[in-house]
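Keeping their order, the protein sequence lines are chains A and B. Sequential numbering of the first sequence, starting at -9, is according to my numbering. Sequential numbering of the second sequence, starting at 54, is according to my numbering. First the structure, in the form of structure tokens, and then the observations on it.
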Amino acid sequence: MPQTKILLVDDEVEFASALAERLELRSYDVKTANNALEALAVIHTHVPDVIILDLKIPGMDGIETLKTIKKIDPTIEVIMLTGHGDVQSVAEGMKSGVFEYIMKPVDIGELTVKIDNAMKKRTKEK
Amino acid sequence: MNYENEDNLRLLQLQFIGKILAGFTHEIKNYLAIIKESNGLIEDLMTLGKTAQNDSEQYLEITRSIEEHIEKTNTLFRYLNRFAHRMDSQLATFNLNETLEELIALVTRFANQKKIVIGKDFQEDIPSIYSNPSLVQFIAFSLLNEKIKNLDTNSTITIQTAAADNTVKIRIIPEGNFLEGNDDTPLISYKNLEKLIQQLGGNVLQEKGKETLITLGMHPQ
């Protein structure tokens, strides 16, 4: 399987950089963005296979960001990061095309399983 | 819901506490997530391969970040604890600046979501007042929350305090674009807020889209 390209979107800079480095140590190719506009800019220059997206990012509503991502490329898989597993946000995310969700603090093993499953789905759909 | 009697006021205060707790727990979860990832990163660096290089500077940087976020967690818990104790008695002698400072710390998350910065401009030697501290926080929160909701992103709100003529003044000054047609219902109507402030021996002046000035008596009537 080719190296999975990941875009990690979270406004907590230190969280994003630590998690990105942990994923890189597991051989993923990771870019980070700290707000929605930055994320959309990265998508245009470095198309990711999987986006890990915190829906509560400043600058744009998370669901709107998700819809925009899906418009750009519907085969990009999105894993939603949530603070509290808020049922309404999760349901709304799933309805808008989220592949999976994961709660913060993140379990790295659980996250990598979800990333690999998302990558398998994207590879099939491409 | 509006404040028509004591029961309704208690319900509104419960909503206020709920909002504070929601913001607090979200923020703490974020800090714990950073601590967990930083700790995990040290473990990964040791087990997944980078130990051949001299990484002591990176380790130090990560441990400093862990320390910093433990300190931030501790500070927020201290504010929440003080906030909870404001309800110990209906009337107490308290420092207005401290009361507002803990409120600001607990609502900053809501402001950050809209990239709104809350600034403080407190009179340092403001005298203590004898009043209802949790009600003062509820009033300040209601006005602050309304401004956060109605302001556009990248705005600022400054909270000033000052003492004059046996009263203390809280000025909430918004700077930025106001969102037209925002239909969000405020936590409490302005008319009822006015009544509450009058009960504390004070008054409030507000112009739509502009600053709010609350004047409180040093002692209840």
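We put the CB at the ideal spot given by N, CA and C, even for glycine.
Identity of the residue in the options nearest residue i by Cα
| i | options | result |
| --- | --- | --- |
| D1 (chain A) | A:A10, A:K57, A:A26 | A:A26 |
| E228 (chain B) | B:K168, B:V160, B:F175, B:P180 | B:K168 |
| D19 (chain A) | A:T(-6), A:V37, A:A8, A:T102 | A:T(-6) |
| D178 (chain B) | B:K244, B:S208, B:N150 | B:N150 |
| T268 (chain B) | B:Q259, B:G255, B:G262, B:K261 | B:G255 |
| K244 (chain B) | B:Q259, B:T209, B:G93 | B:Q259 |
| T128 (chain B) | B:L64, B:E80, B:I192 | B:E80 |
| I53 (chain A) | A:E115, A:M70, A:P38 | A:M70 |
| F231 (chain B) | B:L249, B:E247, B:T206, B:F194 | B:T206 |
| I41 (chain A) | A:V103, A:V88, A:A81 | A:V88 |
| K261 (chain B) | B:G172, B:E199, B:N58 | B:E199 |
| M93 (chain A) | A:V77, A:N107, A:D106 | A:V77 |
| N24 (chain A) | A:L56, A:A6, A:V68, A:K61 | A:A6 |
| D141 (chain B) | B:I171, B:N185, B:G270 | B:N185 |
| E67 (chain A) | A:L9, A:T22, A:D106 | A:D106 |
| E59 (chain B) | B:H272, B:M271, B:Q166, B:K248 | B:K248 |
Buried versus exposed, by CB contacts within 10 Å (16 or more), residue i
| i | result |
| --- | --- |
| G71 (chain B) | exposed |
| S187 (chain B) | buried |
| T146 (chain B) | exposed |
| M54 (chain B) | Legend: pLDDT at M54 (chain B) = 43, less than 50; position of this residue unreliable, no value from coordinates given. |
| H319 (chain B) | Only positions 54 to 274 of chain B appear in this structure, which leaves residue 319 (chain B) out of reach. |
| N203 (chain B) | buried |
| T42 (chain B) | Outside the modelled stretch of chain B, which goes from 54 to 274, sits residue 42 (chain B), for which no answer is possible. |
| R131 (chain B) | exposed |
| E90 (chain A) | buried |
| M109 (chain A) | buried |
| K114 (chain A) | exposed |
| Q143 (chain B) | exposed |
| D39 (chain A) | buried |
| Y183 (chain B) | exposed |
| V96 (chain A) | buried |
| A275 (chain B) | Since the first residue shown for chain B is 54 and the last is 274, residue 275 (chain B) is missing from the structure and cannot be characterised. |
| G265 (chain B) | Checking the sequence, you will find Thr at residue 265 (chain B) rather than Gly. T265 (chain B) should be labelled buried. |
| G99 (chain A) | exposed |
| N134 (chain B) | exposed |
| D97 (chain B) | buried |
| I62 (chain A) | exposed |
| L246 (chain B) | buried |
| Q252 (chain B) | exposed |
Collapsed DSSP secondary structure at residue i in the structure displayed
| i | result |
| --- | --- |
| E42 (chain A) | Note on identity: in this sequence residue 42 (chain A) is Ile, with Glu being the wrong assignment. Here I42 (chain A) sits in strand by DSSP. |
| M99 (chain B) | helix |
| I226 (chain B) | strand |
| S184 (chain B) | strand |
| G172 (chain B) | strand |
| M54 (chain B) | Reliability fails at M54 (chain B), whose pLDDT of 43 lies under 50, so the model's placement of it is uncertain and no value is given. |
| L204 (chain B) | strand |
| I179 (chain B) | coil |
| I210 (chain B) | strand |
| V32 (chain A) | helix |
| I47 (chain A) | coil |
| K110 (chain A) | helix |
| G52 (chain A) | helix |
| V96 (chain A) | coil |
| V3 (chain A) | helix |
| R139 (chain B) | coil |
| G76 (chain B) | helix |
| E59 (chain B) | helix |
| V37 (chain A) | coil |
| G262 (chain B) | coil |
| K57 (chain A) | helix |
| R131 (chain B) | helix |
| K104 (chain A) | helix |
| K116 (chain A) | coil |
| R16 (chain A) | coil |
One or two residues paired with residue i in a DSSP bridge
| i | result |
| --- | --- |
| P239 (chain B) | Its beta-bridge partners do not exist; DSSP assigns none. |
| K21 (chain A) | A:L(-3) |
| E90 (chain A) | A:I69 |
| N256 (chain B) | B:T268 |
| V221 (chain B) | B:A216, B:L269 |
| A145 (chain B) | B:S184 |
| F231 (chain B) | B:L204 |
Rounded distance between the beta-carbons of residue j and residue i, thought under 8 angstroms
| i | j | result |
| --- | --- | --- |
| T65 (chain A) | R112 (chain A) | 5 angstroms |
| I212 (chain B) | I225 (chain B) | 6 angstroms |
| A164 (chain B) | I201 (chain B) | 5 angstroms |
| T72 (chain A) | L30 (chain A) | Actually they do not touch by this definition, with Cβ atoms about 21 angstroms apart. |
| E110 (chain B) | R12 (chain A) | Not confirmed; about 18 angstroms, so no contact. |
| T152 (chain B) | V189 (chain B) | 6 angstroms |
| F136 (chain B) | E155 (chain B) | 5 angstroms |
Residue-level contact to chain E via CB, residue i, 8 angstroms cutoff
| i | result |
| --- | --- |
| I98 (chain A) | Note that chain E does not occur in the displayed structure, where the protein chains are A and B. |
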